[in-house]
Amino acid sequence: MKAKILVVEDDKNDFERLKKSLDKEPNYRVTHIDKGELVLPALEKETPDLVILDIYLPGMDGFEICKRIRQNENLASLPILFLTSSGNLDNKLLGLELGASDFLTKGGDERELLLRIKNLLKLKKVYDDLFRLTVIDSLTYIYNRRYFQQRLADEFERGRRYKRDFCGVIVDIDHFKNINDTYGHPVGDKVIKGVASVLRCNMRSTDIICRFGGDEFGLVLLETGYEGAYILMERLRIIVKEKDLGAPQHSIKVTFSCGISSFLDGGSMVVDEMIAQADVALYQSKRLGRDQTNIWGRKVDLERFKQVVYQQRNANNKH
Ligand code: GH3
Ligand code: MG
């Protein structure tokens with residue numbers, strides 16, 4: 010995969026010169042921004058593997074950009090290389106103090122520039138690989154509970170700031186112990202992997218799925234209120250229920266129960282509260298006979314939801 014390098018440079022000639030050097034590495038994909046204030050919004054959309062930053066820029070200067078990148082936890086591993094015409098020691102020290110990874114002066118040796126870039130990208134990859142290990146579940150390769158908590162905390166902040174809704178969902182396979190007892194642990198593992206994969210493949214790519222451990226999963230459904238979450242979870246419940254997860258050796262079908270809590274509807278102030286609410290709704294699903302979805306604090310109006318699903322299906326058929 011190509012390394013994405015974002016060059017923030019207002020001087021056209023300087024950019025062309027740098028681009029020519031970077032193009033010598035076939036594995037680099039270079040993007041370019043010439044105004045300081047456009048950098049942070051661009052990083053929200055797509056995070057590169059390296060930012061090469063000029064100091065003097067129209068709008069926001071390089072120091073301010075560097076400072077703001079370093080204030081963002083999600084960009085912690087993003088290397089910043091200052092490349093500037095001013096080799097002034099004060100500037101260099103300030104840049105490094107603000108968290109720049111390296112500092113070079115324009116017009117220097119091209120080999121040195123390319124080697125430093127290569128090293129920064131290598132370090133970034135090591136950091137990202139390590140980070141992945143701490144947030145990925147080793148059985149299913151989906152995120153783990155640690156990531157779920159962190160991601161929910163991020164969404165709480167975003168939800169509060171922009172008044173956007175999202176849902177936290179807990180899914181638990183029904184009578185999973187029977188599978189282990191009947192077919193053995195390795196087959197149980199295969200079923201857990203199967204459920205994870207079916208859920209992942211039938212959700213939006215922006216939704217988050219994590220394994221809590223055992224036969225339990227946590228989902229974060231972005232830009233989704235409790236009604237949308239209910240419709241999605243019911244769709245997933247049917248898909249999982251109908252899928253043979255033991256093939257080809259055995260025929261194994263499982264159901265799951267789940268509980269939903271929505272950010273705006275549930276009014277949770279902290280992450281743990283939302284998880285506890287989803288847990289209460291999950292417990293209700295188990296208590297009421299399993300193989301169903303419940304929403305925290307709401308009595309599910311099945312007839313109304315059926316109507317919504319019916320209308321949606323009709324609308325989809327028309328397209
Ligand atoms: P319920 O419908 O009430 O959820 O019943 P259940 O049998 O699914 O009960 P519960 O969810 O409490 O049990 C989960 C079981 O999952 C307990 C444990 O034996 C099993 N388990 C936990 N981790 C793993 C794993 O990594 N692999 C396998 N195969 N089984 C696991
Ligand atoms: Mg279970």
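According to the working numbering, the stretch in the sequence shown is residues 10 to 328, in order. Every residue, glycine too, gets a C-beta built ideally from N, C-alpha and C.
At a Cβ-Cβ threshold of 8 Å, D300 and D183 count as neighbours.
Going down the chain, each residue whose beta-carbon is closer than 7 Å to a heavy atom of ligand 1 shows up: L148, D181, I182, D183, H184, F185, K186, N187, N189, H194, G197, D198, I201, G222, G223, D224, E225, S266, K295 and R299.
Residue range I89 to T93 is occupied by the beta strand (DSSP E) that includes T93. If you draw a straight line from the Cα of D138 to the Cα of L129, it comes to about 14 Å. Proximity to R220 across C210, R213 and A205 peaks at A205, based on C-alpha coordinates. C-alpha of V309 to C-alpha of E106: approximately 55 Å in a straight line. With contacts defined by Cβ atoms closer than 8 Å, K127 and T93 do not form a contacting pair. Per the coordinates, the alpha-carbon of V17 lies some 28 Å from the alpha-carbon of T215.
Of all C-beta pairs linking the region 97-111 to the region 139-148, fewer than three are shorter than 8 Å, placing the two stretches out of contact. At a Cβ-Cβ threshold of 8 Å, G222 and R154 count as neighbours. Judged by DSSP secondary structure, D43 falls outside any alpha helix (DSSP H); it is assigned neither H nor E. Cβ atoms of D181 and F265 come within 8 Å of each other, at about 6 Å. I284 sits in a helix when the DSSP states are folded into three classes.
For the 8 Å CB-CB criterion, F157 and E164 do not form a contact.
Three or more Cβ pairs closer than 8 Å define a contact, and the region 284-304 meets that threshold against the region 267-276.
Under the three-pair Cβ rule at 8 Å, the region 251-266 does not count as touching the region 167-174.
Rounded to the nearest whole angstrom, the C-alpha separation of T40 and Y292 is 50 Å. Comparing C-alpha distances from I269 to each of E225, K295, F314 and I179 shows the shortest one belongs to I179. Straight-line spacing of the CA atoms in Q320 and G203 works out to 30 Å. In the three-state reduction of the DSSP assignment, G108 falls in the coil class, being assigned neither a helical nor a strand state.
Straight through space, the alpha carbons of T143 and F91 are spaced by roughly 30 Å. The shortest C-alpha to C-alpha distance from A85 to any of G71, G117 and L52 is the one to L52. Considering only L47, P50, R313 and E236, the residue with the shortest C-alpha distance to G306 is E236. Between the beta-carbon of I248 and that of V207 there is about 6 Å, and that keeps the pair under the 8 Å contact cut. If you check the CB distance, G71 and I61 do not come in under 8 Å. Residue burial is scored here from C-beta neighbours: P88 has at least 16 other C-beta atoms within 10 angstroms and is therefore classed as buried. Secondary structure of Y152 (DSSP, three-state): strand. DSSP places A85 in the coil class of the three-state scheme, outside both helix and strand. By the 16-neighbour rule on beta-carbons within 10 angstroms, A324 is exposed.
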